[in-house]
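Below is one structure, written out as structure tokens; comments come after it.
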Amino acid sequence: MPLRTPLYDSHLAAGAKMVDFSGWEMPIHYGSQIEEHHAVRRDAGMFDVSHMCALDLAGPDSRAYLRHLLANDVAKLTTPGKALYSCLLNESGGVIDDLIVYFFTAERYRIVVNAGTAVKDVPWMRAQLKGFNAELMVHRTDNHDPVAIIARQGSNARERRRAGHESVAMIAAQGPNARERFWTAFPDSRAATATLGIFQAAEWNGWLIARTGYTGEDGFEITLPTAGAAPAWQKLLDAGIKPCGLGARDTLRLEAGMNLYGQDMDESISPYEAGLKWTVDLKDAARDFIGRSALEGKNARPVRNQFAGLLLLDRGVLRAHQKVITPQGDGEITSGTFSPSLNQSIALARLPAAVAIGSEVEVEIRDKRLKARVVKPSFVRNGKPLL
Amino acid sequence: MNNPDNLKYAASHEWAKQEADGSITIGITDHAQEALGDIVFLELPAIGRVVKAGEECAVVESVKAASDIYSPVSGEVVDINQAAADAPESVNADAYAVWLFRIKPADSARCAAELDGLLDAAAYGATL
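Protein sequence lines, in the order shown, are assigned to chains S and D. Just so it is clear: in the first sequence, position 349 is 348 by numbering that gives the first Met the number 0, and no numbers are missing. Just so it is clear: in the second sequence, position 3 is 2 by numbering that gives the first Met the number 0, and no numbers are missing.
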């Protein structure tokens, strides 16, 4: 039985084509994926991201726990509502998941992890709680809660829900006009959210409104109680925000050069080979985070590959797992698509570290070898091509 | 959209139309374009290539995925629709007006048998 978000009926009403995504029945598009893509680049679009898993961390040791758990350092979060992107690493420095953590106080944080990985993340995160005085709670109904599902299977009778800890929905409103349209729909929220900087959130009306996203455009990600999800979606629709499916979400994030977990990185890949070195914070030499010993010092794993972008010069479409042939050795495309903004095919790829940005390589597509240029892995941001 | 009665259909979602000169024009069905989503690239066969019925002959790529197109009949590729290759989204707009390639059968009896083996509009519609 596939899982459904609180917005399932809203999607059907908007003419969505539904597909399975990590066990969730989600909209892939509502007619044209390319039009939805352009709506986000040029105006405003919204995505149901309720399949992602929100967790609350609370307790006196919350900060110390996250400094041990995450490769990025939450110590740099000092303003309430400020968010941080980080990898969750295993002991050998492989990426278990990527996530966003929101700081409220040193004793209270919100964490959002990917849908398909929540089932392994949550038990891992709980196991690391040992020795820390902190508690981790999942914002899901029991039927959707990976931990509750595991608990029902008999492995851990201690799993429980705190009274009043409700299931939530998440909506990402993205695009140059997304915030203005959001304020049209919810004028009372403007005072609380108008001055939010990038990667900053505010609590309003029991909602968390964050200036974050996964598209390379401005906008808000809104976390709200399940019961309010469909009415809020309708108000945003009435304010002219176009519903967008996971198809457009993928082409938008790819153009923005943002990694997709499970495709561009996984537990076998270190953040250094996934273009995520900037998220690994080694400044505090005393901070003993999980995976650190595999990333620096004498036992560090070798970094043989780089994460780069590819721009197809011939006609065709780059796809994941196609072989990239370079004078320095073979590489592999991790995500590829047709870029609606550039009207050309683009890809993210793992290439031998010695391949220079700007050089020309070949990609094996079926029985042909097509020419591609190696570029920095970021193609379009804020409506503008970066190449 | 209705599947036109004057065409024959393959279960793999190609349509075939016999022209007055005996050649066969081939495209993809409306169901196929709908399932693929926004089409962004067509890889059409080389003119002069000889194909067998059921052989991979072209590739249609949408934003979502690449899909092989099989020739419903045997023969030689005598023409391709370059205008469609230049504007792949036209297939989404009208899959029955925008053909992909044309085959000249080497053997008209064999071609008639291959066309007989395809579905008519009603039978194809029933498979969807």
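Just so it is clear, CB atoms sit at the ideal spot from N, CA and C, and this is done for glycine as well. As the structure is a computational prediction, the values presented were derived from the model and not from experiment.
query                                                                                                                                  : result
Beta carbon proximity, Ile345 of chain S to chain D, threshold 7 Å                                                                     : no
Proximity test, Cβ basis, 7 Å: Phe40 of chain D and chain S                                                                            : yes
Limits of the beta strand (DSSP E) - the one that Gln199 of chain S falls within                                                       : From DSSP, Gln199 of chain S is part of no beta strand (DSSP E); its letter is neither H nor E.
Nearest neighbour of Leu317 of chain S, chosen from S:Val118, S:Glu331, S:Val48 [CA to CA]                                             : S:Glu331
As assigned by DSSP and simplified to three states, the class of Asn176 of chain S                                                     : coil
Proximity below 7 Å, CB of Asp8 of chain S to CB of Asn176 of chain S                                                                  : no
Which residues DSSP lists as bridging Tyr260 of chain S, in chain order                                                                : S:Met264
Any chain S beta carbon closer than 7 Å to Asp29 of chain D                                                                            : no
Chain-order list of residues whose beta-carbon lies under 6 Å from that of Gly53 of chain D (same chain, five-residue window excluded) : Tyr69
Continuous beta strand (DSSP E) stretch holding Leu63 of chain D: start and end                                                        : Before going on, a small fix: residue 63 of chain D reads as Lys here, not Leu. Note, Lys63 of chain D: premise wrong, no beta strand (DSSP E); not H, not E.
Buried versus exposed call for Lys75 of chain S [16 or more other C-beta atoms within 10 Å across all chains shown]                    : exposed
N- and C-terminal bounds of the alpha helix (DSSP H) containing Thr250 of chain S                                                      : 245-254
Check whether Cys86 of chain S and Asp72 of chain S have beta carbons under 7 Å apart                                                  : no
Rounded straight-line distance, which links the Cα of Gly256 of chain S to that of Ser358 of chain S                                   : 19 Å
Cβ pair Leu68 of chain S, Gln127 of chain S closer than 7 Å                                                                            : yes
Cα-Cα separation between Leu43 of chain D and Met45 of chain S, rounded to whole angstroms                                             : 36 Å
Nearest neighbour of Phe288 of chain S, chosen from S:Pro301, S:Val118, S:Arg66, S:Ser188 [CA to CA]                                   : S:Arg66
Partners in chain D for Gln32 of chain S, counting only beta-carbon separations shorter than 9 Å                                       : Gly36, Asp37, Ser61, Val62, Lys63
Beta-carbon spacing of Ile38 of chain D, Val58 of chain D below 7 Å                                                                    : no
Contained beta strand (DSSP E) runs [length at least 3] in the segment 17-67 of chain D, N- to C-terminal order                        : 23-27, 38-42, 55-61
Cutoff 8 Å; reference Ser338 of chain S; Cβ partners in own chain excluding five residues on either side                               : Thr250, Leu253, Glu254, Ser344, Ile345, Phe378, Val379
Between the CA atoms of Tyr84 of chain S and Ser21 of chain S - distance to the nearest angstrom                                       : 22 Å
Beta carbon proximity, Val316 of chain S to chain D, threshold 7 Å                                                                     : yes
Beta-carbon neighbours of His28 of chain S, restricted to chain D and to distances below 8 Å                                           : Gly36
Rounded straight-line distance, which links the Cα of Thr77 of chain S to that of Pro87 of chain D                                     : 51 Å
Cα-Cα separation between Cys56 of chain D and Val50 of chain D, rounded to whole angstroms                                             : 7 Å
Chain D contact for Phe337 of chain S (CB, 7 Å cutoff)                                                                                 : yes
Proximal chain D residues relative to Gly296 of chain S, where beta-carbon distance stays under 8 Å                                    : Here the premise fails: no neighbours, minimum Cβ distance about 44 Å.
Straight-line gap, Ala112 of chain D to Pro326 of chain S (C-alpha atoms, nearest Å)                                                   : 51 Å
Nearest neighbour of Ala184 of chain S, chosen from S:Gly227, S:Ala168, S:Leu235 [CA to CA]                                            : S:Leu235
Expected contact under 8 Å - CB spacing of Gly124 of chain D and Asn2 of chain D to nearest Å                                          : 6 Å
Inter-residue spacing [alpha-carbon to alpha-carbon] between Tyr95 of chain D and Val100 of chain S                                    : 51 Å
Sequence-distant residues of its chain with Cβ nearer than 8 Å to Gly153 of chain S (five each side left out)                          : Since pLDDT at Gly153 of chain S reaches only 36, below the 50 mark, its modelled position is unreliable, and the value read off the structure follows with that caveat. Cβ neighbours of Gly153 of chain S beyond the five flanking positions: none.
Extent of the continuous alpha helix (DSSP H) run through Asn91 of chain D                                                             : 88-92
First and last residue of the uninterrupted beta strand (DSSP E) at Val111 of chain S                                                  : 107-112
Spatial distance of Ala247 of chain S from Gly130 of chain S (CA atoms)                                                                : 43 Å
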